Amino acid sequence: MKLVKPLLLFLTLSLFTACSSVKVATDYDTKVNFNEYKTFAFYKTGIDKAPISDLDKKRIMRAVEAELIAKGMTKSSNPDVLVSLFTKSRERININENNFGYGWGWHPWMWGGPNRINVNQYTEGTLFLDIIDAKKKELVWQGIGSGALKMSNMEKREARIKEFVKEIMAKYPPGSEKK
1 MKLVKPLLLF LTLSLFTACS SVKVATDYDT KVNFNEYKTF AFYKTGIDKA PISDLDKKRI
61 MRAVEAELIA KGMTKSSNPD VLVSLFTKSR ERININENNF GYGWGWHPWM WGGPNRINVN
121 QYTEGTLFLD IIDAKKKELV WQGIGSGALK MSNMEKREAR IKEFVKEIMA KYPPGSEKK
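If you're matching positions, the sequence shown starts at 1 in full-length UniProt numbering and goes up one per residue.
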């Protein structure tokens, strides 16, 4: 029994950390000096096309604004860069086969046959954050974050959006991420 409790705790923690992670990828123009960008504004035309609610757009924009201000940038009506966003979502199915134990009957980790199949359906969301040079009207940086969405209530929705934005913006400007 002493072995079962730590094992169950480990498995539970593994499930929660695996589901909460945000996978991030970035791409950028290597010829751009990102240190020249000091001010930002949101690119309304691009944001209006995002297929999510206006409330979620506001949540994302507030989170991006907080991250950019924390990096020393300021919001401006005459910005150096424009920030745009886009989202996608799709239903995913995760199938796990547990092979704990052997044969039929009682085993410390399970009851029944040797194989248990768990099927979990969830929504995977992808958030694209684009940084556009305001003068040249060219995309100079893009951050993409993907992960499971947990949108059961407003507080969890807001926390998940902040997590997505924080993970993506940790990679902006290029070279600023912690090593």
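Built from N, CA and C at the ideal position, the CB exists for glycine as well.
Please read these numbers as outputs of a predicted model, since none were measured by experiment.
Excluding the 5 residues flanking Lys38 on each side, which residues of the same chain have their C-beta closer than 8 Å to its C-beta? Position 38 of the sequence shown, counted from the first residue, corresponds to residue 38. Hits under 8 Å: Gly72, Met73, Thr74 and Asp80.
Who are the near neighbours of Val22 in its chain, counting only those whose CB is closer than 8 Å to its CB and skipping five residues on each side? Start at 1 with the first residue of the sequence shown, and residue 22 comes out as number 22. Cβ neighbours of Val22 beyond the five flanking positions: Gly145, Ser146, Gly147, Glu163, Phe164, Glu167 and Ile168.
State the Cα-Cα distance for the pair Pro173 and Asp27, rounded to the nearest angstrom. Here the question's residue 173 lines up with position 173 in the sequence shown. Here the question's residue 27 lines up with position 27 in the sequence shown. Distance between the alpha carbons of Pro173 and Asp27 is about 11 Å.
Reduced DSSP secondary structure (H/G/I, E/B, other) of Ser46: Looking up residue 46 in the sequence shown gives position 46. Checking the displayed sequence, the identity of residue 46 turns out to be Gly instead of Ser. Helix, per DSSP.
I believe Met61 touches Phe42 by the beta-carbon criterion, under 8 Å. Please report the beta-carbon distance rounded to the nearest angstrom. Here residue 61 refers to the residue found at position 61 when the sequence shown is read from its first residue. Here residue 42 refers to the residue found at position 42 when the sequence shown is read from its first residue. Correct: roughly 6 Å between the Cβ atoms.
Own chain residues within Cβ distance below 7 Å of Arg90, not counting five before or after: For this step, residue 90 is matched to residue 90 along the sequence shown. For Arg90, where only same-chain residues beyond five positions count, the Cβ hits under 7 Å are Glu124.
Please classify Gly175: is it buried, with 16 or more other beta-carbons within 10 angstroms of its beta-carbon, or exposed? In the sequence shown, the residue the question calls residue 175 occupies position 175. Gly175 is exposed by the Cβ-count criterion.
Residues of its chain near Asp29, where Cβ-Cβ distance is below 8 Å and the 5 sequence neighbours each way are ignored: For the purposes of this step, residue 29 is taken as residue 29 along the sequence shown, with counting starting at 1. Answer for Asp29: Glu138, Leu139, Val140 and Trp141, listed in chain order.
In three-state DSSP terms, what is Asp56? Position 56 of the sequence shown, counting from 1, holds the residue named residue 56. Asp56: helix per DSSP, three-state reduction.
Tell me whether the beta-carbon of Arg160 lies closer than 7 Å to the beta-carbon of Lys150. As a working mapping, residue 160 is identified with position 160 in the sequence shown. As a working mapping, residue 150 is identified with position 150 in the sequence shown. Yes, these two residues count as a Cβ contact at 7 Å.
Beta-carbon of Glu97 versus every beta-carbon of chain C: anything under 7 Å? This model lacks chain C altogether; it includes just one protein chain.
Spatial neighbours of Ser76 within its chain, please: C-beta separation below 8 Å, excluding the five flanking residues on both sides. As a working mapping, residue 76 is identified with position 76 in the sequence shown. Excluding positions up to five away in sequence, the list reads Thr39, Phe40 and Ala41.
Endpoints, alpha helix (DSSP H) assigned at Ala159: On the sequence shown, position 159 is the one that residue 159 refers to. From DSSP, the alpha helix (DSSP H) with Ala159 extends over Met154 to Met169.
Ala63 burial status per 10 Å Cβ neighbour count (16 or more: buried): Taking the sequence shown and counting its residues from 1, one reaches residue 63 at position 63. Per the 10 Å Cβ criterion, buried.
Opening and closing residue of the beta strand (DSSP E) in which Glu139 lies: Position 139 of the sequence shown, counted from the first residue, corresponds to residue 139. The amino acid at residue 139 is misidentified as Glu; the sequence shows Leu. It spans Glu138 to Ala148 - the beta strand (DSSP E) in which Leu139 sits, taken as one unbroken run.
Cutting at 7 Å between CB atoms, please list the residues of its own chain near Ala66, excluding the five before and the five after it. Locating residue 66 in the sequence shown gives position 66, counting from the first residue. Cβ neighbours of Ala66 beyond the five flanking positions: none.
For Leu129, which residues from the same chain have a beta carbon less than 6 Å from its beta carbon, with the 5 sequence-adjacent residues on both sides left out? Counting from 1 along the sequence shown, the entry for residue 129 is found at position 129. So the list reads Leu85, Gly143 and Ile168, once near-sequence residues are dropped.
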